[in-house]
Amino acid sequence: AVAKERFLSVTQRAELETERLDLSESVEATARGHLHLVTQTMERLEDVFVGMGFTVSEGPQAETDWYNFEALNLPAAHPARSMFDTLYLDLGDRTEIGDGEGGEATNILLRTHTSPVQIRVMETLPPPIYTVCPGRVFRRDTADASHMPVFHQIEGLVVDHGISLADLAGTLNEFTAAYFGGAIRSRLRPSYFPFTEPSAEFDITCVICEGDGCQTCQRTGWIELGGCGMVHPNVLGNCGIDSEEWTGFAFGFGIDRLALMRYGIKDLRDMYTNDIRFLRQF
Numbered sequence: 341a342v343a344k345e346r347f348l349s350v351t352q353r354a355e356l357e358t359e360r361l362d363l364s365e366s367v368e369a370t371a372r373g374h375l376h377l378v379t380q381t382m383e384r385l386e387d388v389f390v391g392m393g394f395t396v397s398e399g400p401q402a403e404t405d406w407y408n409f410e411a412l413n414l415p416a417a418h419p420a421r422s423m424f425d426t427l428y429l430d431l432g433d434r435t436e437i438g439d440g441e442g443g444e445a446t447n448i449l450l451r452t453h454t455s456p457v458q459i460r461v462m463e464t465l466p467p468p469i470y471t472v473c474p475g476r477v478f479r480r481d482t483a484d485a486s487h488m489p490v491f492h493q494i495e496g497l498v499v500d501h502g503i504s505l506a507d508l509a510g511t512l513n514e515f516t517a518a519y520f521g522g523a524i525r526s527r528l529r530p531s532y533f534p535f536t537e538p539s540a541e542f543d544i545t546c547v548i549c550e551g552d553g554c555q556t557c558q559r560t561g562w563i564e565l566g567g568c569g570m571v572h573p574n575v576l577g578n579c580g581i582d583s584e585e586w587t588g589f590a591f592g593f594g595i596d597r598l599a600l601m602r603y604g605i606k607d608l609r610d611m612y613t614n615d616i617r618f619l620r621q622f
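The sequence shown runs contiguously to residue 622 in the numbering used here.
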């Protein structure tokens, strides 16, 4: 036993000699990653809306025609469908499934907006509803400085008693001040969307010139941010909500475009080329 201990002691000393670490040797620091700019922007938006009393809802990226179009007051022959360059999925025999009403079969597509999440929320949760729906969306666009076939949106939905257009305007003003700062204001312009009535586009004070007029805002002092409006009674009815008792508003805008505006990025493609020199700046 004594000889065994002596042998182990000698062996351990030899191992320690050969495995000695040079603590004075300089080594490169471990590279640490960070969240992508789009993810940072999305999380900041979520924080702002949660602070305003909203919840965050998510849904599937592959949707049925019912959730992406028909439930949103866009039936099959509606001309407004041309606003969306839709990508349909070829799943062979599995391409057709029952729609949201359990009726006729429908094709599967990649959602063109996050509005289907609003439909799913209204189908499953009783009012009052205050939620935002961030996520990835898809359209058949050619990639250029301001368009990508895959991008991100965040939409908001409120359904409650006595909701009016004034509540929508106030909510957008509150969001604008919380996200951009007190110097930035919002305004509404009449527009058209099949799923809201009345509908509007909402602009914000140009974040570059703060309303004085510059090349970015074409000397107007305003930049278009997104669309909004009062939820159409047909949409509420499709979700089993009595439009005589409940009213609501919805709004939405692009997260990627918001990141471009906030950080002064000129080309949307720069955020997705994985150039580490660019990504390290944010």
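Using N, Cα and C, we set each Cβ at its ideal position, and we do this for glycine too.
The alpha helix (DSSP H) enclosing residue i, as first and last residue numbers
i, result
"threonine 511", "505–520"
"phenylalanine 389", "377–391"
"alanine 371", "Segment: none, alanine 371 is in no alpha helix (DSSP H) and carries neither H nor E."
"proline 468", "Run containing proline 468: none; DSSP gives neither H nor E here."
"phenylalanine 409", "Note, phenylalanine 409: premise wrong, no alpha helix (DSSP H); not H, not E."
Inter-residue CB distance, residue i and residue j (contact presumed, cutoff 8 Å)
i, j, result
"glutamine 470", "phenylalanine 394", "For the record, residue 470 in the displayed sequence is tyrosine; it is not glutamine. So it is a contact: roughly 5 Å between Cβ atoms."
"valine 571", "threonine 536", "6 Å"
"glycine 496", "phenylalanine 591", "5 Å"
"isoleucine 459", "tyrosine 519", "Not quite, the Cβ-Cβ distance comes to about 26 Å (not below 8 Å), so this is no contact."
"valine 390", "valine 396", "7 Å"
"glycine 561", "glycine 553", "5 Å"
"alanine 476", "glutamine 401", "Alanine is not the amino acid found at residue 476; the sequence shown has arginine there. Rounded, the Cβ-Cβ distance is 6 Å, consistent with contact."
Beta-carbon proximity check, residue i vs residue j, cutoff 9 Å
i, j, result
"isoleucine 299", "serine 526", "The requested residue 299 does not occur in the structure, where the chain is confined to residues 341 to 622."
"alanine 523", "glycine 567", "no"
"valine 472", "isoleucine 494", "yes"
"proline 474", "threonine 454", "yes"
"threonine 381", "arginine 602", "yes"
"phenylalanine 542", "leucine 565", "yes"
"phenylalanine 491", "glycine 594", "yes"
"leucine 339", "asparagine 413", "Residue 339 cannot be examined here, being either before or after the span of the chain that is shown, 341 to 622."
"glycine 521", "proline 456", "no"
"alanine 411", "cysteine 579", "yes"
"proline 538", "leucine 505", "yes"
"glutamate 626", "leucine 375", "As displayed, the chain neither begins before 341 nor continues past 622, which places residue 626 out of reach and without an answer."
Nearest candidate by alpha-carbon position, reference residue i, set the options
i, options, result
"glycine 604", "Leu377, Ala540, Ala371", "Leu377"
"glutamate 386", "Phe515, Leu363, Thr404, Met611", "Phe515"
"aspartate 648", "Arg597, Gly475, Thr511, Leu414", "No statement about residue 648 is possible, as the shown extent of the chain runs from 341 to 622 and does not include it."
"aspartate 481", "Arg602, Thr511, Leu427", "Leu427"
"aspartate 500", "Asp615, Arg372, Arg384, Ser583", "Ser583"
"methionine 488", "Glu359, Leu512, Asp607", "Asp607"
"proline 468", "Leu450, Val498, Ile459, Val490", "Val498"
"serine 486", "Ala599, Phe618, Cys549, Met392", "Ala599"
"leucine 449", "Glu403, His418, Pro415, Ala420", "Glu403"
"isoleucine 616", "Gly373, Ser531, Ser366", "Gly373"
"isoleucine 563", "Ile548, Gln401, Ala517", "Ile548"
"leucine 528", "Asn513, Thr370, Phe622", "Asn513"
"alanine 420", "Leu576, Cys579, Cys546, Ser531", "Ser531"
"methionine 611", "Ser366, Thr379, Met423", "Thr379"
Host beta strand (DSSP E) of residue i (start-end)
i, result
"proline 530", "526–533"
"aspartate 500", "490–500"
"methionine 570", "562–571"
"glutamate 537", "536–545"
"isoleucine 448", "448–450"
"alanine 523", "It is not in any beta strand (DSSP E) - alanine 523 carries neither H nor E in the DSSP assignment."
"phenylalanine 618", "No beta strand (DSSP E) holds phenylalanine 618; the alpha helix (DSSP H) holding it covers 616–619."
"alanine 402", "402–404"
"alanine 590", "587–594"
Within-9 Å CB hit, residue i to chain C
i, result
"tyrosine 428", "Of the chains in the structure shown, none is chain C; there is only one protein chain."
heavy atom of the ligand ADP below 8 Å from residue i C-beta
i, result
"proline 466", "The ligand ADP is absent from the structure shown, which contains no ligand whatsoever."
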